Amino acid sequence: MIRRPLTVALPKGRLLARVADLLDRCGIDTSGLSAADRHLVVEGDPVRFLICRAADVPTFVEYGAADVGVAGKDVLWEAGRDVAELLDLGVGRCRMVVAVPAASPVERVSQLGFNSRVATKYPRVARRFFNGQGIQVEVVPLHGNIELAPLVGLAEAVVDLTETGRTLRDNGLRIVATVGESTARLVANPVRYKIRAQEIDELAAALKAVTASPQAGGGECADRIDRSGSA
Amino acid sequence: MNPEIAAEPAYTRRMIPRGTRDFLPPEAARKRALETALKETFSRWGYGEVITPTVEFFECLSLGDGPELVEKMYRLFDREGHTLALRPEVTTPIGRIVATRLREEPLPIRLFYVANVFRYEEPQAGRQREFWQAGVELVGALGPDADAEIVALAVRALEAAGLRDFRVDIGQVGYVNGLLEDGNLGPGGRRALRRALLRRDYVALEEALSASGLSPARRRLLAELPRLRGREEVVRKAAELADNPRSRAAADNLMAVYQALAAHGVQDRVYVDLGMVKDFDYYTGMVLEGYTPELGFPVCTGGRYDNLIGRFGYDCPATGFVVGVERLMMALDAQGSGLVPEDGMDRWLVGSTGAGRPQALAEAASLREKGFAVEVDVMGRSVPELLEYARARTVSRVVFWAGPDDRREFAAPGYGEVTKGVGL
Numbered sequence: 001m002i003r004r005p006l007t008v009a010l011p012k013g014r015l016l017a018r019v020a021d022l023l024d025r026c027g028i029d030t031s032g033l034s035a036a037d038r039h040l041v042v043e044g045d046p047v048r049f050l051i052c053r054a055a056d057v058p059t060f061v062e063y064g065a066a067d068v069g070v071a072g073k074d075v076l077w078e079a080g081r082d083v084a085e086l087l088d089l090g091v092g093r094c095r096m097v098v099a100v101p102a103a104s105p106v107e108r109v110s111q112l113g114f115n116s117r118v119a120t121k122y123p124r125v126a127r128r129f130f131n132g133q134g135i136q137v138e139v140v141p142l143h144g145n146i147e148l149a150p151l152v153g154l155a156e157a158v159v160d161l162t163e164t165g166r167t168l169r170d171n172g173l174r175i176v177a178t179v180g181e182s183t184a185r186l187v188a189n190p191v192r193y194k195i196r197a198q199e200i201d202e203l204a205a206a207l208k209a210v211t212a213s214p215q216a217g218g219g220e221c222a223d224r225i226d227r228s229g230s231a
Numbered sequence: 001m002n003p004e005i006a007a008e009p010a011y012t013r014r015m016i017p018r019g020t021r022d023f024l025p026p027e028a029a030r031k032r033a034l035e036t037a038l039k040e041t042f043s044r045w046g047y048g049e050v051i052t053p054t055v056e057f058f059e060c061l062s063l064g065d066g067p068e069l070v071e072k073m074y075r076l077f078d079r080e081g082h083t084l085a086l087r088p089e090v091t092t093p094i095g096r097i098v099a100t101r102l103r104e105e106p107l108p109i110r111l112f113y114v115a116n117v118f119r120y121e122e123p124q125a126g127r128q129r130e131f132w133q134a135g136v137e138l139v140g141a142l143g144p145d146a147d148a149e150i151v152a153l154a155v156r157a158l159e160a161a162g163l164r165d166f167r168v169d170i171g172q173v174g175y176v177n178g179l180l181e182d183g184n185l186g187p188g189g190r191r192a193l194r195r196a197l198l199r200r201d202y203v204a205l206e207e208a209l210s211a212s213g214l215s216p217a218r219r220r221l222l223a224e225l226p227r228l229r230g231r232e233e234v235v236r237k238a239a240e241l242a243d244n245p246r247s248r249a250a251a252d253n254l255m256a257v258y259q260a261l262a263a264h265g266v267q268d269r270v271y272v273d274l275g276m277v278k279d280f281d282y283y284t285g286m287v288l289e290g291y292t293p294e295l296g297f298p299v300c301t302g303g304r305y306d307n308l309i310g311r312f313g314y315d316c317p318a319t320g321f322v323v324g325v326e327r328l329m330m331a332l333d334a335q336g337s338g339l340v341p342e343d344g345m346d347r348w349l350v351g352s353t354g355a356g357r358p359q360a361l362a363e364a365a366s367l368r369e370k371g372f373a374v375e376v377d378v379m380g381r382s383v384p385e386l387l388e389y390a391r392a393r394t395v396s397r398v399v400f401w402a403g404p405d406d407r408r409e410f411a412a413p414g415y416g417e418v419t420k421g422v423g424l
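Note that the protein sequences, when read in sequence, are chains A and B. Okay, so the first sequence: first residue is 1 according to the working numbering, each after it adds one. Okay, so the second sequence: first residue is 1 according to the working numbering, each after it adds one.
Spelled out as structure tokens, the structure:
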């Protein structure tokens, strides 16, 4: 079979620098990923990188446009794509939560009124979570600035990601439930994981070794979404 | 635009439903050529074709198909109130036939099919709502020789289709099932492990393992399972690692299948993957999947399913595989290979004046008898017009009868006049 560099899809944004750091420590040349000369495709050997929107990484991998990729567990839940999940990279740790305005009387999600509106960037995850709780809500899909929705009366609650809870607090929101905890994952196309098994296993093993070391700052892995849900 | 058409959703009048497709002449011909190659291969291995109804009783189809497929069935009602469904695959209908009309037949029974199937799911990544399958079932034979035949036939069929770069992976579901039959594992723990294996979520697998009451050795083995792949040495290793009779029997069975493949001459195409996990309720033994480097999903899939026909009241083992016809076409496209459809043969265009018509039609008939594809002009075209049309349609020869005794012939690529024609 023809040999090509291993194609790795990486999410642009905050996670990119942290993942590049991990790859660096595996001895992979990531100089092409530095912000100064960033391209959509960073050619290299033995690894070439595709830089995509975080939410698109599972798509690139499922279709086989990339052999492997790095995606947050939150993204994997939402995408529901058929990819193999090889490793918890321990970076990009955040929580997916349900939050309501601080002044709201709601203390638990079960207290949300019938057909409450819930604004979110994660409509599938939100639906699955509330369905699992037997709560009927109206999910309002938005593309960003979710915190705005309750402030202007578009929604009674939000489902959103938070690292420290600060942005939510700053916008007058209060967390009432945790949907799941997310970290970045190494994912692979299931067929490529067989055809290029050795390369992918080596990459996964190298990443595992560097994430296990204290520098990565990763604690125990957290991968719990509520019993109702999983991608 | 006609206001009535504008008002009607343009969608349903001019479009086809999502997940369905039209095959136009060149593609339809390629598809037929591919199916013909597969059918011929199956026939030469002694398999007989069956054609089953597109629509069957839902109760029958759901007897064979797991909940995931049942959910994807297109369902409808007949006028007596029975629930019907479009077949989502053909193995279950074949199970029904074997358990009923072929019940008295001597075993084994070898059957094949080429059929369209229907699944209501999101069309993406190689999945369509209507798609074509070509498959075989070897019914009534237990043992590694039957499974080896299925693997060898899968390899030969893909080769016959013109696929160059591909491999077939085989596994054995008994191996992992043996590991999961553990007194220290509650039903919840077993479900979590199966689910993680099935989804290839190895992060969740490790978590479920550390939460389970399994012994450290067995945990390690299950965690390593996805990486137990390679050639014969892996089967040997798997047999050594097997710590229970069921897993050991599965490894022995896989070894026997793999060794039988050497005599079939296909061993170099075949890899072993103990971590290959497929529908737990359906497969009972060896399983297989075929891959090409270009596609991110398998081109064929199959395995042993000894319990299906029993659900129709006739206990009878079976093994088989199925090729996704459109997926195979995609792989052939990507490899720039594949069969040249038969009507890529020399094509002729015959035109005439009114006076030359009888001669033109007579020549067209005689060319057709010789095996050429012949178009007769029905547009009353002149020679320059015919040549322009021929060029656009890549017709290689043009004949024009200007009168009963006045025949002219032109040939691609320049469409210059040929003095000594081939046609007469």
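For every residue, glycine included, the Cβ atom is placed at its ideal position computed from N, Cα and C. In this text the structure is predicted, and so the values were computed from the model without any measurement.
Excluding the five sequence neighbours on either side, which residues of its own chain have a C-beta within less than 7 Å of the C-beta of residue i, listed in chain order?
| i | result |
| --- | --- |
| residue 386/B | 349, 351, 377, 398, 400 |
| residue 138/B | 108, 110, 146, 149, 150, 318, 319, 320 |
| residue 238/B | 175, 228, 251, 274 |
| residue 9/A | 50, 52, 57, 60, 61, 66, 69 |
| residue 28/B | none |
Could you say which of the options lies nearest to residue i if we only look at CA atoms?
| i | options | result |
| --- | --- | --- |
| residue 417/B | 396/B, 404/B, 309/B, 130/B | 396/B |
| residue 24/B | 32/B, 18/B, 17/B | 32/B |
| residue 78/A | 58/A, 24/A, 112/A | 58/A |
| residue 91/B | 136/B, 49/B, 55/B | 136/B |
| residue 308/B | 181/B, 83/B, 282/B | 282/B |
| residue 76/A | 211/A, 169/A, 188/A, 212/A | 188/A |
| residue 314/B | 226/B, 105/B, 187/B | 105/B |
| residue 82/B | 88/B, 56/B, 18/B, 101/B | 56/B |
| residue 204/A | 17/A, 27/A, 16/A | 27/A |
| residue 102/B | 301/B, 79/B, 312/B | 312/B |
| residue 292/B | 190/A, 185/A, 208/A, 201/A | 190/A |
| residue 331/B | 161/B, 68/B, 36/B | 161/B |
| residue 213/B | 167/B, 185/B, 246/B, 190/B | 185/B |
| residue 306/B | 255/B, 140/B, 346/B | 140/B |
| residue 18/A | 7/A, 72/A, 154/A, 105/A | 72/A |
| residue 53/B | 262/B, 380/B, 89/B | 89/B |
| residue 390/B | 402/B, 415/B, 169/B | 415/B |
Under the rule that 16 or more other beta-carbon atoms within 10 Å means buried, what is residue i, buried or exposed?
| i | result |
| --- | --- |
| residue 220/B | exposed |
| residue 152/A | exposed |
| residue 216/B | exposed |
| residue 275/B | buried |
| residue 196/A | buried |
| residue 29/A | exposed |
| residue 73/B | buried |
| residue 405/B | exposed |
| residue 228/B | buried |
| residue 253/B | buried |
| residue 16/B | exposed |
| residue 36/A | The predicted position of residue 36/A is uncertain, since its pLDDT is 48 and thus under 50; a value taken from the coordinates is nonetheless stated next. Per the 10 Å Cβ criterion, exposed. |
| residue 169/B | buried |
Less than 8 Å between C-beta atoms, sequence neighbours within five positions excluded: which residues of the same chain meet that for residue i?
| i | result |
| --- | --- |
| residue 74/A | 94, 96, 122, 125, 161, 180, 182 |
| residue 45/A | 5 |
Should residue i and residue j be called a contact, given that it needs their Cβ atoms to be closer than 8 Å?
| i | j | result |
| --- | --- | --- |
| residue 99/B | residue 58/B | no |
| residue 99/A | residue 174/A | yes |
| residue 114/A | residue 133/A | no |
| residue 11/A | residue 61/A | no |
| residue 83/A | residue 200/A | no |
| residue 231/B | residue 272/B | yes |
| residue 159/A | residue 147/A | no |
| residue 163/B | residue 337/B | yes |
For residue i, verify whether its CB is less than 7 Å away from any heavy atom of the ligand ZN.
| i | result |
| --- | --- |
| residue 115/B | Only the bare structure without any ligand can be found here, which leaves the ligand ZN out of the picture. |
Leaving out five residues on either side along the sequence, give the residues of the same chain with a beta carbon under 6 Å from the beta carbon of residue i.
| i | result |
| --- | --- |
| residue 334/B | 294 |
| residue 55/A | 75 |
| residue 197/B | 277 |
When you compare the segment 138-156 of chain A with the segment 106-125 of chain A, are there three or more beta-carbon pairs, one atom per stretch, that lie closer than 8 Å?
yes
Would you say the segment 145-162 of chain B touches the segment 82-96 of chain B, given that touching needs at least three Cβ pairs under 8 Å?
no
Is the segment 157-169 of chain B touching the segment 316-330 of chain B, taking contact as three or more C-beta pairs under 8 Å?
yes
Say whether the segment 198-215 of chain B touches the segment 82-94 of chain A, bearing in mind that this needs 3 or more beta-carbon pairs closer than 8 Å, one atom from each stretch.
yes
With three or more C-beta pairs closer than 8 Å as the rule, is the segment 129-137 of chain B touching the segment 265-281 of chain B?
no
Would the segment 323-335 of chain B and the segment 362-371 of chain B be scored as touching if the rule is three or more Cβ pairs under 8 Å?
no
Using 8 Å as the cut-off, can you tell me whether the segment 291-306 of chain B makes contact with the segment 177-196 of chain B, which would need three or more C-beta pairs spanning the two stretches below that distance?
no
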